[in-house]
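What follows is a single structure, written as structure tokens, with notes after it.
Protein chains: 2
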Amino acid sequence: MTGASDDKKAGSGEFGFIARHFRPLAGAESLDLRDDCALMRCPEGEEFAISTDTMVENIHFLPDDPPETLGRKLLRCNLSDLAAMGARPHAYTLNVTVPRGGRHDENWFVAFSRGLAKDQQRYGIHLIGGDTTSISGPLVLSATVFGLLRQNTALRRNNARPGDGIWVTGTIGDAALGLLVLQGKLKDPSGFLARRYHLPQPRTGLQLHGIVSAAMDISDGLIQDCGHIAEESGVQLVIEADAVPASYAAASLGHDWLMQRLCGGDDYELLLTCPPERSEALQAACQTADIPVHRVGTVRTGTGVRLLNADGRETIPQQGGWQHF
Amino acid sequence: MTGASDDKKAGSGEFGFIARHFRPLAGAESLDLRDDCALMRCPEGEEFAISTDTMVENIHFLPDDPPETLGRKLLRCNLSDLAAMGARPHAYTLNVTVPRGGRHDENWFVAFSRGLAKDQQRYGIHLIGGDTTSISGPLVLSATVFGLLRQNTALRRNNARPGDGIWVTGTIGDAALGLLVLQGKLKDPSGFLARRYHLPQPRTGLQLHGIVSAAMDISDGLIQDCGHIAEESGVQLVIEADAVPASYAAASLGHDWLMQRLCGGDDYELLLTCPPERSEALQAACQTADIPVHRVGTVRTGTGVRLLNADGRETIPQQGGWQHF
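As given, the protein sequences belong to chains A and B, one line each in that order. Under this note's numbering, read the first sequence as residues 688 to 1012, first letter to last. Under this note's numbering, read the second sequence as residues 688 to 1012, first letter to last.
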């Protein structure tokens, strides 16, 4: 069931748990988490964009990751999918499967739900339902996130055309390097890279309908995600390695980590293609939203992804992107 | 991401897996599972009813349960929530977290998705998105299911009134007894009770708007779920134990198992309250849908749930219903 009623003994079992940690997050559409389903209406002329993701302890996050960022990361991964379609965030459901044994105690959930509350406010979303279960195993979190957009305005992956420029928001590769920092394989005294891994910044709020020809978010790594647009649009994406924007923290690690940056996942920046005549409109839209955007290559006829170095010679990515499964 | 593009090497990794097992289940709203989000519209004057559930191996199902029934059970638990609101089934998302180590091999997933396909046809639903992840732990399945209904027609839990009759569909307690059979604690040569545990029959298709005063599905056990309606409606529910319908298989086990039947979960029948003047309309609606319905008690002023035996004397349930967490 989506909702769950209060037990008469407030505070006991599942019902008290929901009342304490999740009811404060629930919007009107949740029916206060007290009924069998949530009820959600769509404004006239609009449609829902829907994304769902699961995060598993030891796979997508580390056991000692701060609980306050875990739910936020899950939300933001999905919000990034909404951003890639051009939808504005609206609501979400949350399924929490908690390891037996008490490691995730009351304090843990206070911090976890405090993180969710922060991102609800930040992105204008609310909880509409969920489920809590237990497991003899690691923590598992699933969210389904709902966005709204005008009908027929969704940004798709299948309309990139030869001649279009390839653009990315923000900086690329920080999250992959941040994971290496957290694993002790790299040093970043500033903490910037680890923060990028823990808490992505989904690029919601951009108005790109009528400007870009294709869009997706970079979750599996720039090279692999370029492959997805190439495949869906029936084109070739040519990336200029040196044009791919690096953060100060990433750049200061030197050129050795370029392939990790280009192939590593979890950035949650946007990958966009844009006809040359709309480049200025793209830059203006990003400036309005205060989001950096850089051109990193060109769409060509052909298939697959090519990566060029500073001399214009082809270089071969050493590793694929993230395989979920 | 909700969708996932085909890898160029069809059959490899996550993308081949999705193409083989889940793309055949995907409806048009899924964008063929190839984009960042699904897109879903709501017909004018209608709204979505949304329910989400997680099932965990060793908690909600057994490792040797047939794979073909697992996804169907997850869908049906959620479809039962839609039925309780009076919504008609429409679509779902599915998150599958698979144990590492290969026990869930290609054959397992062929059977799993074949089961889903059967229920898609049976209930007129389609897959719109999902996520596949791996885990060092048990199998975890989450689904979010979407139904449609006319605005302002949802059946709620909070409108039961003193004097209303209390009704249930089908027979009560079969699934709880079926679990005992599967655990070797009870014998049922017919297999009926185990089937009721493996594969509930959600009561979709009933037209109860304007007839019943409150509705919910019985997932936690009749007594506990009556408590939810009592709490939400601010009334007392008085149940006559002997009026609670038993299947032939359950009745043939004798009276000793009455409390297990009344307190055990997983039946996914409907619990309804209905003003006396609309009892005939309720029975007619159920007859039209070919769904048995029986009156099991009366709503009174007061709080909580009372259980009366055949002499009209009060009897105390020996155990609560299912606590999820």
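Cβ atoms here follow ideal geometry from the backbone N, Cα and C, with glycine treated the same way. Just so it is clear, the structure is predicted and the values come from calculations on it, not from any experiment.
Problem - Proximity test, Cβ basis, 8 Å: L712 (chain A) and chain B - result: Looking up residue 712 (chain A) in the first sequence gives position 25. Judged by the 8 Å Cβ criterion, L712 (chain A) is not in contact with chain B.
Exercise for the section: Let me know the secondary structure DSSP gives R1000 (chain A) once reduced to three states. Expected result: Taking the first sequence and counting its residues from 1, the one referred to as residue 1000 (chain A) is at position 313. For R1000 (chain A), the secondary structure class from DSSP, reduced to helix, strand or coil, is coil.
Practice task
Rank B:R721, B:N794, B:G824 and B:C973 by C-alpha distance to the C-alpha of G892 (chain B) and give the top, closest one.
Solution key: The residue labelled residue 892 (chain B) in the question sits at position 205 within the second sequence. The shortest Cα separation from G892 (chain B) among B:R721, B:N794, B:G824 and B:C973 belongs to B:C973.
Practice task
Would you kindly check if the distance between the Cβ of G860 (chain A) and the Cβ of R728 (chain A) is under 8 Å?
Solution key: Indexing the first sequence from 1 puts residue 728 (chain A) at position 41. Indexing the first sequence from 1 puts residue 860 (chain A) at position 173. No, Cβ-Cβ distance for R728 (chain A) and G860 (chain A) is not below 8 Å.
Exercise for the section: Would you kindly work out how many angstroms separate the C-alpha atoms of S906 (chain B) and E731 (chain A), rounded to a whole number? Expected result: Your numbering for residue 906 (chain B) matches position 219 in the second sequence. Your numbering for residue 731 (chain A) matches position 44 in the first sequence. Computed Cα separation, rounded: 35 Å.
Practice task
Assign N996 (chain B) to buried or exposed, taking buried as 16 or more other Cβ atoms, counted over all protein chains shown, within 10 Å of its Cβ.
Solution key: Translated into positions along the second sequence, residue 996 (chain B) becomes position 309. By the neighbour-count criterion, in which 16 or more other beta carbons inside 10 Å mark a residue as buried, N996 (chain B) falls on the exposed side.
Handout entry: Where A725 (chain A) falls, given that 16 or more other Cβ within 10 Å makes a residue buried
Key = On the first sequence, position 38 is the one that residue 725 (chain A) refers to. Counting Cβ neighbours within 10 Å, A725 (chain A) comes out buried, since at least 16 surround it.
Exercise for the section: Pull up the DSSP beta-bridge partners for T739 (chain A), would you. Expected result: As a working mapping, residue 739 (chain A) is identified with position 52 in the first sequence. Note: T739 (chain A) sits in a beta bridge opposite A:T831.
Exercise for the section: Consider the Cβ of A841 (chain B): report whether some Cβ of chain A lies at a distance smaller than 8 Å. Expected result: In the second sequence, residue 841 (chain B) corresponds to position 154, counting from 1. In terms of beta-carbon proximity, A841 (chain B) lines the interface with chain A, with at least one pair separated by less than 8 Å.
Handout entry: Close-in-space but distant-in-sequence residues of the same chain around M688 (chain A) (CB under 6 Å, 5 per side omitted)
Key = Start at 1 with the first residue of the first sequence, and residue 688 (chain A) comes out as number 1. Low per-residue confidence applies at M688 (chain A): pLDDT is 36, beneath 50, and the placement is therefore not dependable enough to give any value.
Practice task
Put T819 (chain B) into one of helix, strand or coil per three-state DSSP.
Solution key: Within the second sequence, residue 819 (chain B) is the residue found at index 132, counting from 1. If DSSP states are grouped into helix, strand and coil, T819 (chain B) belongs with the strands.
Handout entry: Contact with chain B by D904 (chain A), beta-carbon distance below 8 Å
Key = Here residue 904 (chain A) is taken as the residue at index 217 of the first sequence, counted from 1. Output row for D904 (chain A): interface = yes.
Exercise for the section: Tell me whether the beta-carbon of A936 (chain A) lies closer than 8 Å to the beta-carbon of F879 (chain A). Expected result: As a first step, residue 936 (chain A) is located in the first sequence; it is residue number 249 there, counting from the start. As a first step, residue 879 (chain A) is located in the first sequence; it is residue number 192 there, counting from the start. Contact: yes.
Handout entry: Boundaries (first-last residue) of the alpha helix (DSSP H) holding N765 (chain B)
Key = Against the second sequence, residue 765 (chain B) aligns to sequence position 78. Note, N765 (chain B): alpha helix (DSSP H), P754 to M772.
Handout entry: For L958 (chain B) and D904 (chain B), the rounded distance between their alpha carbons
Key = In the second sequence, counting from the first residue as 1, residue 904 (chain B) sits at position 217. In the second sequence, counting from the first residue as 1, residue 958 (chain B) sits at position 271. The alpha-carbon separation between D904 (chain B) and L958 (chain B) amounts to approximately 6 Å.
Exercise for the section: Output yes if chain A places a C-beta closer than 8 Å to the C-beta of V827 (chain B); else output no. Expected result: To locate residue 827 (chain B), count along the second sequence from 1; it is residue 140. Yes, V827 (chain B) counts as interfacial toward chain A.
Exercise for the section: Taking C-beta pairs closer than 9 Å, name the residues in chain A that Q894 (chain B) reaches, listed in chain order. Expected result: Reading the second sequence from its first residue, position 207 is the one you call residue 894 (chain B). Within 9 Å Cβ-Cβ: nothing; Q894 (chain B) doesn't reach chain A, min ~17 Å.
Exercise for the section: State the start and end residues of the unbroken beta strand (DSSP E) segment that holds C961 (chain B). Expected result: As a position in the second sequence, residue 961 (chain B) is number 274, starting the count at 1. Counting along the chain, the beta strand (DSSP E) containing C961 (chain B) begins and ends at E956 to C961.
Practice task
Report yes if the C-beta distance between V776 (chain B) and G834 (chain B) is below 8 Å; otherwise report no.
Solution key: Residue 776 (chain B) sits at position 89 when you count from the first residue of the second sequence. Residue 834 (chain B) sits at position 147 when you count from the first residue of the second sequence. In the sequence as displayed, the identity of residue 776 (chain B) is Pro instead of Val. The answer is yes: Cβ separation under 8 Å.
Problem - Distance, D998 (chain B) Cα to M742 (chain B) Cα - result: Along the second sequence, read from residue 1 onward, the residue named residue 742 (chain B) stands at position 55. Along the second sequence, read from residue 1 onward, the residue named residue 998 (chain B) stands at position 311. Roughly 40 Å between the two C-alpha positions.
Handout entry: Partner residues on chain A for E964 (chain B), Cβ-Cβ distance less than 7 Å
Key = Within the second sequence, residue 964 (chain B) is the residue found at index 277, counting from 1. Neighbours of E964 (chain B) on chain A: none; closest Cβ ~25 Å, over 7 Å.
Exercise for the section: From the DSSP output, in three-state form, read off G802 (chain A) for me. Expected result: Taking the first sequence and counting its residues from 1, one reaches residue 802 (chain A) at position 115. G802 (chain A): helix per DSSP, three-state reduction.
Problem - Within chain A, the residues that A774 (chain B) reaches when beta carbons sit closer than 8 Å - result: Sequence index remark: in the second sequence, residue 774 (chain B) carries index 87 (1-based). Residues of chain A passing the Cβ test: C724.
Exercise for the section: Using a cut-off of 7 Å between C-beta atoms, extract the partners of N782 (chain A) located in chain C. Expected result: Of the protein chains in this structure, namely A and B, none is chain C.
Handout entry: beta strand (DSSP E) segment containing H915 (chain A), residue limits
Key = Working through the first sequence from its first residue, we reach residue 915 (chain A) at position 228. Element bounds for H915 (chain A): not the beta strand (DSSP E) but the alpha helix (DSSP H), L909 to S920.
Handout entry: Selection from A:G802, A:T819 and A:L867 that minimises the alpha carbon distance to L749 (chain A)
Key = The sequence position of residue 749 (chain A) within the first sequence is 62, counting from 1. For the residues A:G802, A:T819 and A:L867, the minimum Cα distance to L749 (chain A) belongs to A:L867.
Problem - Which of helix, strand or coil DSSP assigns to H708 (chain B) - result: Position 21 of the second sequence holds residue 708 (chain B). The answer is helix: DSSP assigns H708 (chain B) an H, G or I state.
Handout entry: Interface flag, M946 (chain A) vs chain B, CB-CB below 8 Å
Key = Residue mapping note: residue 946 (chain A) aligns to position 259 of the first sequence, counting from 1. So no, M946 (chain A) is outside the interface.
Practice task
Would you identify the three-state DSSP class for Q923 (chain B), choosing helix, strand or coil?
Solution key: Here residue 923 (chain B) corresponds to residue number 236 of the second sequence, with the count starting at 1. Strand.
Exercise for the section: Work out the CA separation of G824 (chain B) and P754 (chain A) for me, nearest whole Å. Expected result: Along the first sequence, read from residue 1 onward, the residue named residue 754 (chain A) stands at position 67. Along the second sequence, read from residue 1 onward, the residue named residue 824 (chain B) stands at position 137. About 20 Å.
Practice task
List the whole-angstrom C-beta distance separating A938 (chain B) from S920 (chain B), where the pair is believed to meet the contact cut-off of C-beta under 8 Å.
Solution key: Translated into positions along the second sequence, residue 938 (chain B) becomes position 251. Translated into positions along the second sequence, residue 920 (chain B) becomes position 233. The C-beta separation of A938 (chain B) from S920 (chain B) comes to about 31 Å, leaving the pair out of contact by the 8 Å criterion.
Problem - Neighbour-count burial assignment, E734 (chain B), 16 or more Cβ in a 10 Å radius - result: Here residue 734 (chain B) refers to the residue found at position 47 of the second sequence. The residue is buried, with at least 16 neighbouring Cβ atoms inside 10 Å.
Exercise for the section: Would you verify that the beta carbon of T858 (chain A) is, or is not, closer than 8 Å to some beta carbon of chain B? Expected result: By one-based count along the first sequence, residue 858 (chain A) stands at place 171. Against chain B, the CB of T858 (chain A) has no partner CB under 8 Å away; the residue lies outside that interface.
Problem - Closest residue to R707 (chain B) among B:R882, B:R843, B:L869 and B:A804 (Cα-Cα distance) - result: Taking the second sequence and counting its residues from 1, one reaches residue 707 (chain B) at position 20. For R707 (chain B), the closest alpha carbon among the candidates B:R882, B:R843, B:L869 and B:A804 is that of B:A804.
Problem - DSSP state of T975 (chain B) mapped onto helix, strand, coil - result: Against the second sequence, residue 975 (chain B) aligns to sequence position 288. Helix at T975 (chain B).
Exercise for the section: Take D943 (chain B) and list the residues in its own chain whose beta-carbon comes closer than 8 Å to its own, dropping the five residues that flank it on each side. Expected result: On the second sequence, position 256 is the one that residue 943 (chain B) refers to. Result list for D943 (chain B): empty, nothing under 8 Å.
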